[in-house]
Structures are given as C-alpha cells and as structure tokens.
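**Student:**
Number of protein chains: 2
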Amino acid sequence: MNPERCKVDEALGILVGKWKPIILLHLFNEGTQRFSELKRLMPDITQKMLTKQLRELEEEDIIDRVIYPQIPPKVEYSISEYGKSLQPVLDIMHEWGTAHTNHMQKKRNSQNASNAL
Amino acid sequence: MNPERCKVDEALGILVGKWKPIILLHLFNEGTQRFSELKRLMPDITQKMLTKQLRELEEEDIIDRVIYPQIPPKVEYSISEYGKSLQPVLDIMHEWGTAHTNHMQKKRNSQNASNAL
DNA sequence: CAGAATCCCTACGGATACTG
DNA sequence: CAGTATCCGTAGGGATTCTG
Numbered sequence: 001m002n003p004e005r006c007k008v009d010e011a012l013g014i015l016v017g018k019w020k021p022i023i024l025l026h027l028f029n030e031g032t033q034r035f036s037e038l039k040r041l042m043p044d045i046t047q048k049m050l051t052k053q054l055r056e057l058e059e060e061d062i063i064d065r066v067i068y069p070q071i072p073p074k075v076e077y078s079i080s081e082y083g084k085s086l087q088p089v090l091d092i093m094h095e096w097g098t099a100h101t102n103h104m105q106k107k108r109n110s111q112n113a114s115n116a117l
Numbered sequence: 001m002n003p004e005r006c007k008v009d010e011a012l013g014i015l016v017g018k019w020k021p022i023i024l025l026h027l028f029n030e031g032t033q034r035f036s037e038l039k040r041l042m043p044d045i046t047q048k049m050l051t052k053q054l055r056e057l058e059e060e061d062i063i064d065r066v067i068y069p070q071i072p073p074k075v076e077y078s079i080s081e082y083g084k085s086l087q088p089v090l091d092i093m094h095e096w097g098t099a100h101t102n103h104m105q106k107k108r109n110s111q112n113a114s115n116a117l
C-alpha cells in the first residue's frame, strides 16, 4: 500500500467529531430514534451540535433521516443499510481502545510505583 | 456495550492528527526511519508538526524513539512492539475507507447522471 | 541534524436566543 | 418538536526563525 492510496483518513473523517461515535453507538444499540430521544440519551450535547453531526453522517450515507410531515414535527434517525458496514470498524476500534486504556493504566501505575521509591 | 464504556474515542484519539496515519504507514512499511527520512517521505509536513505528532505517538507507546548521542544528532523512530497491535485497526479502517470512497464516487456519478437529464 | 520558539489564522465546538 | 442563527473562545495546524 502506498501513501497516496492510504484511505485510513477517509474512515477517520467519518468518525471524527466529538459526538459521532456516541451517536452511532446509540443508533446501533437502540435502533431508530427521534431527534429528541437522541438528545435525551446525550444530555450534554447541544441541539446545534446534534443537528450538525447528524447532518454530516447523513451526508456520508451512514444514517437515514425520515421526516414525518406533521405538527409538531417528527424526525427519525437510523443506521442505513450501508452504514451497517461500519459495525466491524467500530467494533475493532472499541476493542483496541479498551486494551489501550488498560495498557496506559498499567504504565501509569508502574511509573507511580517507581516514583514512590 | 453501554455508552460509558465505549472506547472508540480512545482509538480515535491516537489516530487523529492530520499526519498520524501517514506517519504510521511509513513506519509500518519502511520500518525504522530517521527524523530527516520521515521529513523527506512527507515533504508537505512542517518540522514542527512532524515533531509534535511523533511525540504524541511516543507518549501513547505506539512508537519508539531512539536517540544516538552524536554530532550531528541522529534520532530513529519505529513502531513499538505494542504499537504493532494497531495494524489490524489500520487495516480495517483502510479497507472500509477504500470501499467508502467508491461508494461516494458512485453516488456522485448517479447524481450527475440525473442532473444531466 | 533534529529540534524549540514564536506568531498567526481558521475551524471546531459551546452558549444562547429565535422559529415554523 | 426539530431545528436555525449568531456570537465567541479555544485548540489544531501552518509559516518562519533560531539553536546545540
């Protein structure tokens, strides 16, 4: 694989954004969710950011957005068929991330131990 | 998996940074490299950025940094034993990224086709 | 050679207020 | 309910200069 053809950045581009992984996690776990339900699942996100990140994921075909023309409005979000192809990517990243957390924890512990001498 | 335990962000944190994936790619492909060799492989990166990203990767134990105390200085970088565990993560991200590039390309093509009607 | 230091600019993200 | 619109602070990244 030569540098020009490295597509890691493409995958990275989809996932970066402070809230995207957690949004995807909720949609994968909980299935279809309304805007307000997602907001309730993530109390710390602002409406602006939730909207923006959802739009970006939609733009990349990862999620579907269904608008029910009614009052009050109702909009449902879900992982698209295509978006499901992200599952293994997220899985392996989560797996490695978990291991890495442990690795760095041990590192700090051993550093503290030697500092304590 | 509950949101509190989602560690995708941990993995993401290692890889984000405009140059990290490409730096890792070179170290995985070319093996041990000096600072100046990496700079030559990535003409567009500034010394400041190269230094910074290498330091961050070192901080996370992903790469080893070996200093040869001589004049002129010589510093070699390489993927650490632990860092090799990132390989499958990068592989699957590259694979998905490649597929995604094709997916979006086709999407744009079909959009252009319908616009041309 | 391998950096450190400085300055600068933009994009990301947060807070708040408004609307069909 | 599901968004816009606006303002604003910070961090990431780039250009340039200096140094052991």
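Line by line, the protein sequences give chains A and B. Numbered by the UniProt record's numbering, the letters in the first sequence go through residues 1 to 117 in order. Numbered by the UniProt record's numbering, the letters in the second sequence go through residues 1 to 117 in order. All C-beta atoms, glycine included, are put in the ideal place defined by N, C-alpha and C. These numbers were taken from a predicted model, which means no experiment stands behind them.
1) Which partner residues does SER78(B) have in the DSSP bridge list?
2) How big is the Cα-Cα spacing for LEU50(A) and GLY17(B)?
3) Which residues in chain A sit within 8 Å of VAL107(B), going by Cβ to Cβ distance?
4) Please confirm if the stretch 49-65 of chain B is in contact with the stretch 58-65 of chain A, defined as three or more CB-CB distances below 8 Å between the two stretches.
5) If you run the structure through DSSP and keep just helix, strand and coil, what is GLN87(B)?
6) Between which two residues does the alpha helix (DSSP H) holding MET49(A) run?
7) How close, in whole Å, do the beta carbons of ILE79(A) and LEU27(A) come, if the pair is a contact with beta carbons under 8 Å?
8) In this structure, what does DSSP give as the bridge partners for ARG34(B)?
9) Say whether chain A places a C-beta atom closer than 8 Å to the C-beta of GLU10(B).
10) What whole-angstrom Cβ distance do SER114(A) and TRP96(B) have, given they're in contact under 8 Å?
11) Cα separation between PRO43(A) and HIS100(B)?
12) At what residues does the alpha helix (DSSP H) containing GLY17(A) begin and finish?
13) One question on the structure: do VAL103(A) and TYR77(B) come within less than 8 Å of each other, judged by their Cβ atoms?
14) Could you say which of ARG55(A), LYS7(A), ARG5(A) lies nearest to ILE23(A) if we only look at CA atoms?
15) Measuring only the C-alpha atoms, how far is THR98(A) from LYS7(B)?
16) Taking C-beta pairs closer than 8 Å, name the residues in chain B that SER85(A) reaches, listed in chain order.
17) Among GLN47(B), GLN87(B), GLU59(B), ILE67(B), which has the Cα closest to the Cα of TRP19(B)?
18) Taking only beta-carbon atoms, is ILE71(B) less than 8 Å away from chain A?
19) So, helix, strand or coil for LYS107(B), using DSSP?
20) How about PRO88(A) and ILE14(B): do their beta carbons lie closer than 8 Å?
**Tutor:** From the atom records:
1) In the second sequence, the residue the question calls residue 78(B) occupies position 78. According to DSSP, which records beta bridges pairwise, SER78(B) is partnered with ASP64(B).
2) For the purposes of this step, residue 50(A) is taken as residue 50 along the first sequence, with counting starting at 1. For the purposes of this step, residue 17(B) is taken as residue 17 along the second sequence, with counting starting at 1. So the alpha carbons of these two residues sit roughly 23 Å apart.
3) Counted from its first residue, the second sequence places residue 107(B) at position 107. A small correction: the amino acid at residue 107(B) is Lys; Val does not occupy that position in the sequence shown. Within 8 Å Cβ-Cβ: ASP61.
4) Flag = no, the stretch 49-65 of chain B and the stretch 58-65 of chain A do not touch.
5) On the second sequence, residue 87(B) is found 87 positions in, with the first residue counted as 1. Per DSSP, reduced to three states, the secondary structure at GLN87(B) is helical.
6) Position 49 of the first sequence, counted from the first residue, corresponds to residue 49(A). It spans 47-59 - the alpha helix (DSSP H) in which MET49(A) sits, taken as one unbroken run.
7) Sequence index remark: in the first sequence, residue 79(A) carries index 79 (1-based). Sequence index remark: in the first sequence, residue 27(A) carries index 27 (1-based). For ILE79(A) against LEU27(A), the beta-carbon gap comes to about 5 Å, under 8 Å, which counts as contact.
8) As a position in the second sequence, residue 34(B) is number 34, starting the count at 1. Listed as beta-bridge partners of ARG34(B) by DSSP are GLU76(B).
9) The count along the second sequence starts at 1 and reaches residue 10(B) at position 10. Chain A has a Cβ within less than 8 Å of the Cβ of GLU10(B).
10) Position 114 of the first sequence holds residue 114(A). Position 96 of the second sequence holds residue 96(B). In fact, because the Cβ distance is near 41 Å, the residues do not count as touching under 8 Å.
11) The residue given as residue 43(A) occupies position 43 in the first sequence. The residue given as residue 100(B) occupies position 100 in the second sequence. Taking the straight line joining both Cα atoms gives about 31 Å.
12) Indexing the first sequence from 1 puts residue 17(A) at position 17. First-last for GLY17(A): undefined, no H or E at that position.
13) In the first sequence, residue 103(A) corresponds to position 103, counting from 1. In the second sequence, residue 77(B) corresponds to position 77, counting from 1. Reading off the sequence shown, one finds His at residue 103(A), where the question assumed Val. In this structure, HIS103(A) lies away from TYR77(B), with their beta-carbon atoms at least 8 Å apart.
14) For this step, residue 23(A) is matched to residue 23 along the first sequence. Closest by alpha carbon: ARG55(A).
15) Here residue 98(A) corresponds to residue number 98 of the first sequence, with the count starting at 1. Here residue 7(B) corresponds to residue number 7 of the second sequence, with the count starting at 1. Taking the Cα positions, THR98(A) is about 6 Å away from LYS7(B).
16) Numbered from its first residue, the first sequence carries residue 85(A) at position 85. Close to SER85(A), with beta-carbon spacing below 8 Å, are these residues of chain B in chain order: TRP96, ALA99.
17) Here residue 19(B) refers to the residue found at position 19 when the second sequence is read from its first residue. That would be GLN47(B), whose Cα lies nearest to the Cα of TRP19(B).
18) Taking the second sequence and counting its residues from 1, one reaches residue 71(B) at position 71. It does not; no Cβ of chain A falls within 8 Å.
19) Residue numbering aside, residue 107(B) sits at position 107 when the second sequence is read from its first letter. Looking at LYS107(B) - three-state DSSP - the assignment turns out to be helix.
20) In the first sequence, the residue the question calls residue 88(A) occupies position 88. In the second sequence, the residue the question calls residue 14(B) occupies position 14. It is not a contact, given that the beta carbons lie outside the stated cut-off.
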